[in-house]
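*Asks:*
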Amino acid sequence: MIVNTNTHKMKHTPLVSIIFSVLFIGSLSAQPIAKYQYAKRIVDAVEQKKEICFFTNFDIRITDKKYQLKEVLGSEKGYDFNMITSVEKGKKGQIFVGTVSGLWLLHNKKPTFIKTFENTVITCLSYNHTTNELWVGTTGKGVMLLKSNGSVSYYDKKDGLDNSIHKLFVDSKSRVWVSYPFSYFKMFDGKEWIDKTKEFSSILWAKDIKEDKSNTLWIGTQASGLKTQKEDKWTTFIKDPKTFAGFIVNTIIVDEKDTKWISSESGIFKYDNATWTQYFVDSLKAKQNKGHVFKILKFGDDILANLFEETIIINDGKQIATLDVNMPNDIPFTNLTKPFFSKEGDIYLINTKLGIVKLEGDKFTTIKQPSKDTTCSNCPAIIDSLGNIIVGTEKHGLLKLINGSWQKQTIEIKKNILTLFQDNNTLWVGAVQGIYEYNSGKLIEHSLNDPVLKNVGANGIVKDKTNNIWVNGYNAIYRYSNNKWEKIESELLKDNDINDIQFDAEGTLWVATYKGIAYYKNNEWQIIRNDENNNSLWGFRKIIIDPQTDKKCFYGSSGIFAYTNSNTLRKMELGVPLNTNFAISPQNEIYYYLNNALVKMNKIIHP
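Just so we're aligned, residue 10 is where the sequence shown starts under this note's numbering, counting upward by one.
So this is what it looks like as structure tokens:
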């Protein structure tokens with residue numbers, strides 16, 4: 010069922026996963042305009058009087074102190090939150106709720122939609138209890154300050170910030186700390202933004218920030234461990250068996266006793282300001298994610314640990330129960346790669362341990378449980394002309410799912426498999442050092458005796474309108490026509506990584522490269538290296554061509570860029586997160602996997 014998210018009060022039936030339809034509008038910005046409402050995951054929780062409010066992706070579930078469900082505030086009662094992203098306590102029992110569609114306020118168990126922000130998504134919130142002001146981090150508009158008088162101040166690129174913010178925090182001195190992935194860590198002292206990136210020295214970004222009673226900041230990072238900051242003195246804890254024995258910090262809690270609780274990929278850590286304790290209980294380690302705790306909440310002596318597939322209740326280091334607030338099942342396992350499809354359009358997902366799920370109606374059905382020993386990282390998968398699921402791996406060759414088990418094919422492909430392409434009854438296989446053609450049990454290794462294909466590194470295969478096969482290697486493009494291979498060369502492609510190739514409706518070949526976007530038309534090459542403001546662009550990894558409109562955009566290190574009619578690239582400030590694992594169904598629908606959800610893009614419309 011599709012829900013129009015422009016109307017905030019609407020009745021509809023909840024389903025069992027998440028699919029967003031995304032619209033790229035004429036201003037080159039994006040907002041979700043429809044969705045299938047599927048799985049619900051706990052985003053945060055707030056304790057109020059005798060109740061606890063659990064905020065999931067799409068609703069608010071109110072329980073008593075024993076976690077018994079009392080009330081659900083969601084679409085069934087006319088509240089269409091459209092993906093809750095962040096939660097923050099205000100004054101006198103107020104709770105601010107950030108969503109994809111805008112800002113809500115929950116007070117006395119009544120949600121009220123209070124503000125929408127055009128072409129942006131709220132990513133994080135932090136409330137200044139001294140000034141009664143709300144700081145808002147966004148994707149698209151940088152940082153916004155909502156003042157108590159209702160006015161809004163904006164801080165973005167003109168202030169030295171990026172337009173997309175990952176985490177922000179207001180400390181007891183009313184200073185605002187801001188983090189953005191791969192870029193910076195900055196602090197606003199009330200007058201100016203001060204760069205703290207050098208002191209922070211993280212290769213990635215801050216995932217959580219808290220302040221203890223001594224006014225020390227505790228900062229959890231994506232891969233650089235746990236950091237503390239006080240009076241410009243920085244300390245780092247990372248993979249230390251005596252303190253914090255992890256890399257990734259997901260959540261930090263500072264409780265009423267000033268004890269710190271940290272969730273990580275190595276379980277839960279407790280620091281009572283004298284001793285570190287690691288809660289790596291057997292019940293955590295036995296889970297599929299091997300003890301990775303994505304979120305923790307604390308109510309009294311209970312720690313609630315979210316393990317993606319479930320939330321367990323821990324007391325004194327032992328699991329005492331599984332939290333059950335009557336939420337439907339999610340996608341049953343994690344670490345999935347991009348979707349693949351049957352010719353009828355059925356949608357499948359495969360994970361890095363070769364587990365497979367299929368979307369059937371309004372729920373995901375497990376086709377194959379994850380393997381214990383067989384793994385892959387890229388996991389290219391297809392359904393062949395006979396309906397068999399085939400996957401390429403790095404170490405195990407080509408595998409076919411037969412009677413519920415993976416069986417290695419008799420054909421021998423020794424090198425890492427990078428891509429698969431089904432052309433009627435022929436299966437094309439691209440590997441690190443080879444191109445293979447497989448049909449009716451016969452394998453042709455094209456690169457075996459053809460010097461043109463030496464060290465090809467075939468990481469993408471497409472077909473043009475005249476049925477020629479094109480392959481993008483690491484730094485060259487190859488065409489197979491009339492049983493002969495030809496290397497398509499250009500000075501523009503020399504010393505340049507080629508990451509993706511696609512044909513548009515007119516037959517133009519588009520190439521995503523490290524040094525720009527190249528295209529091949531009428532036997533001539535051109536390349537676009539700068540955007541319309543003459544900023545240098547690099548690191549393009551994926552081409553997205555709308556199958557209905559033939560409009561084009563490109564995913565690169567600097568963001569998503571659209572191709573305009575004036576032969577330039579324009580940056581798109583999107584209202585939703587994207588990634589490179591796109592797949593197009595036989596019905597010309599674009600899907601990708603993100604945050605344990607299946608995302609659907611509707612169409613692309615731009616100049």
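In this text, a Cβ means the ideal position worked out from N, Cα and C, and glycines have one as well.
Note that the structure is predicted; figures quoted are calculated from it, not measured.
For residue 596, count neighbouring C-beta atoms within 10 Å of its own C-beta (all shown protein chains included) and say buried if the count is 16 or more, exposed if not.
*Replies:* Translated into positions along the sequence shown, residue 596 becomes position 587. The residue in question, residue 596, is exposed, as its Cβ has fewer than 16 Cβ neighbours within 10 Å.
*Asks:* I need the straight-line Cα distance from residue 494 to residue 462, nearest angstrom please.
*Replies:* Here residue 494 refers to the residue found at position 485 when the sequence shown is read from its first residue. Here residue 462 refers to the residue found at position 453 when the sequence shown is read from its first residue. Their backbone Cα atoms lie some 8 Å apart in a straight line.
*Asks:* Which value, in whole angstroms, describes the spacing of the CA atoms of residue 540 and residue 561?
*Replies:* Numbered from 1 along the sequence shown, position 531 holds the residue referred to as residue 540. Numbered from 1 along the sequence shown, position 552 holds the residue referred to as residue 561. Cα-Cα distance, rounded: 14 Å.
*Asks:* Does the stretch 232 to 240 touch the stretch 191 to 200, meaning 3 or more C-beta pairs lie closer than 8 Å?
*Replies:* Taking 8 Å as the limit for Cβ pairs, the verdict is that the stretch 232 to 240 does not touch the stretch 191 to 200.
*Asks:* Under the three-state reduction of DSSP, which class applies to residue 566: helix, strand or coil?
*Replies:* Here residue 566 is taken as the residue at index 557 of the sequence shown, counted from 1. Three-state DSSP puts residue 566 in coil, outside helix and strand.
*Asks:* If we count the other Cβ atoms within 10 Å of its Cβ and call it buried at 16 or more, is residue 507 buried or exposed?
*Replies:* In the sequence shown, counting from the first residue as 1, residue 507 sits at position 498. Residue 507 is buried by the Cβ-count criterion.
*Asks:* Beta-carbon separation of residue 602 and residue 591 under 7 Å?
*Replies:* Residue 602 sits at position 593 when you count from the first residue of the sequence shown. Residue 591 sits at position 582 when you count from the first residue of the sequence shown. It is not a contact, given that the beta carbons lie outside the stated cut-off.
*Asks:* So, is residue 482 buried or exposed, given that buried needs 16 or more other C-beta atoms within 10 angstroms?
*Replies:* Here residue 482 refers to the residue found at position 473 of the sequence shown. Counting Cβ neighbours within 10 Å, residue 482 comes out buried, since at least 16 surround it.
*Asks:* Rounded to whole angstroms, how far is the Cβ of residue 345 from the Cβ of residue 359, which I believe are closer than 8 Å?
*Replies:* To locate residue 345, count along the sequence shown from 1; it is residue 336. To locate residue 359, count along the sequence shown from 1; it is residue 350. Sure, about 7 Å apart at Cβ, within 8 Å.
*Asks:* Is it buried or exposed, residue 151, if we count other Cβ atoms within 10 angstroms and call 16 or more buried?
*Replies:* Counted from its first residue, the sequence shown places residue 151 at position 142. Buried, by the Cβ-count rule.
*Asks:* Measure the beta-carbon distance from residue 199 to residue 173 and round it to whole angstroms, keeping in mind my assumption that it falls under 8 Å.
*Replies:* Along the sequence shown, read from residue 1 onward, the residue named residue 199 stands at position 190. Along the sequence shown, read from residue 1 onward, the residue named residue 173 stands at position 164. With a Cβ gap of about 23 Å, residue 199 and residue 173 do not count as contacting.
*Asks:* State the DSSP-derived secondary structure class of residue 267, mapped to helix, strand or coil.
*Replies:* Translated into the one-based positions of the sequence shown, residue 267 becomes position 258. Reduced to three states, the DSSP call for residue 267 is coil.
*Asks:* Taking just the CA atoms, how far does residue 411 sit from residue 526?
*Replies:* In the sequence shown, the residue the question calls residue 526 occupies position 517. In the sequence shown, the residue the question calls residue 411 occupies position 402. Approximately 41 Å, taken between the alpha carbons.
*Asks:* Here's the rule: buried if 16 or more other CB atoms are within 10 angstroms of the residue's CB, otherwise exposed. What is residue 566?
*Replies:* Working through the sequence shown from its first residue, we reach residue 566 at position 557. Classification for residue 566: exposed.
*Asks:* Identify the continuous alpha helix (DSSP H) that holds residue 207 and give its terminal residues.
*Replies:* The residue labelled residue 207 in the question sits at position 198 within the sequence shown. Its alpha helix (DSSP H) spans residues 206 to 209.
*Asks:* At which residues does the beta strand (DSSP E) containing residue 314 begin and terminate?
*Replies:* As a first step, residue 314 is located in the sequence shown; it is residue number 305 there, counting from the start. Per DSSP, residue 314 belongs to the beta strand (DSSP E) from 311 to 315.
*Asks:* Can you tell me whether residue 168 is helix, strand or coil according to DSSP?
*Replies:* Against the sequence shown, residue 168 aligns to sequence position 159. Looking at residue 168 - three-state DSSP - the assignment turns out to be helix.
*Asks:* Only counting the same chain, and skipping five residues up and downstream in sequence, which positions put a Cβ closer than 7 Å to that of residue 70?
*Replies:* Start at 1 with the first residue of the sequence shown, and residue 70 comes out as number 61. For residue 70, where only same-chain residues beyond five positions count, the Cβ hits under 7 Å are 63, 78, 81, 334.
*Asks:* Ignore the nearest five residues each way along the sequence and tell me which others in residue 280's own chain have a CB closer than 6 Å to its CB.
*Replies:* Indexing the sequence shown from 1 puts residue 280 at position 271. The residues are 269.
*Asks:* Would you tell me roughly how many angstroms separate the C-alpha atoms of residue 210 and residue 216, rounded to the nearest one?
*Replies:* Indexing the sequence shown from 1 puts residue 210 at position 201. Indexing the sequence shown from 1 puts residue 216 at position 207. C-alpha separation (whole angstroms): 14 Å.
*Asks:* Grouping DSSP H, G and I as helix and E and B as strand, with all else coil, what is residue 341?
*Replies:* For the purposes of this step, residue 341 is identified with residue 332 of the sequence shown, where counting begins at 1. Of the three classes helix, strand and coil, the one that applies to residue 341 here is coil, per DSSP.
*Asks:* Can you tell me where the beta strand (DSSP E) with residue 53 in it begins and where it stops?
*Replies:* Within the sequence shown, residue 53 is the residue found at index 44, counting from 1. Residues 51 to 57.
*Asks:* Using 10 angstroms around the beta-carbon of residue 308, count the other beta-carbons present and answer buried if the total reaches 16, otherwise exposed.
*Replies:* As a first step, residue 308 must be located in the sequence shown, where it is residue number 299. Exposed is the call here.
*Asks:* Run through DSSP, which three-state label would residue 334 get?
*Replies:* In the sequence shown, residue 334 corresponds to position 325, counting from 1. Residue 334: coil per DSSP, three-state reduction.
*Asks:* Would you identify the three-state DSSP class for residue 546, choosing helix, strand or coil?
*Replies:* Along the sequence shown, one-based indexing puts residue 546 at 537. Correct three-state label for residue 546: coil.
*Asks:* Helix, strand or coil for residue 240, going by three-state DSSP, please let me know.
*Replies:* Taking the sequence shown and counting its residues from 1, the one referred to as residue 240 is at position 231. Reduced to three states, the DSSP call for residue 240 is coil.
*Asks:* Using a Cβ-Cβ cutoff of less than 6 Å, which residues in the same chain neighbour residue 163 once the five nearest sequence positions on both sides are dropped?
*Replies:* Sequence index remark: in the sequence shown, residue 163 carries index 154 (1-based). 153, listed in sequence order.
*Asks:* Excluding sequence positions up to five away, which residues of its chain have a Cβ less than 7 Å from the Cβ of residue 425?
*Replies:* For the purposes of this step, residue 425 is identified with residue 416 of the sequence shown, where counting begins at 1. Around residue 425: 403, 440, 441.
*Asks:* Just to confirm my understanding: we take residue 536, look at its own chain, exclude 5 residues before and 5 after, and list those with CB closer than 6 Å. What are they?
*Replies:* Within the sequence shown, residue 536 is the residue found at index 527, counting from 1. Excluding residues within five positions, the ones whose Cβ falls inside 6 Å are 501, 525, 527.
*Asks:* Tell me, please, whether the CB atom of residue 118 is closer than 7 Å to any CB atom in chain C?
*Replies:* No chain C is present in this structure, which holds just one protein chain.
*Asks:* Would you report the Cα separation of residue 348 and residue 593, rounded to the nearest angstrom?
*Replies:* Residue 348 sits at position 339 when you count from the first residue of the sequence shown. Residue 593 sits at position 584 when you count from the first residue of the sequence shown. Between residue 348 and residue 593, the C-alpha separation is close to 9 Å.
*Asks:* Consult DSSP for residue 472 and reduce its assignment to one of helix, strand or coil.
*Replies:* The count along the sequence shown starts at 1 and reaches residue 472 at position 463. In this structure, residue 472 counts as strand in the three-state DSSP scheme.
*Asks:* At a cut-off of 6 Å, is residue 532 close to the ligand ZN when judged by its beta-carbon and the heavy atoms of the ligand?
*Replies:* Inclusion of the ligand ZN in the displayed structure is not the case, the ligand content being empty and no account of it being possible.
*Asks:* Which residue wins for smallest C-alpha separation from residue 459, given the options 496, 85, 119?
*Replies:* Taking the sequence shown and counting its residues from 1, one reaches residue 459 at position 450. Nearest C-alpha to residue 459: 496.
*Asks:* Would you report the Cα separation of residue 325 and residue 183, rounded to the nearest angstrom?
*Replies:* As a first step, residue 325 is located in the sequence shown; it is residue number 316 there, counting from the start. As a first step, residue 183 is located in the sequence shown; it is residue number 174 there, counting from the start. Taking the straight line from one Cα to the other gives about 35 Å.
*Asks:* For residue 386, I'd like the list of residues in its chain whose CB is within less than 7 Å of its CB, leaving aside the five on either flank, ordered along the chain.
*Replies:* On the sequence shown, residue 386 is found 377 positions in, with the first residue counted as 1. Excluding residues within five positions, the ones whose Cβ falls inside 7 Å are 361, 403.
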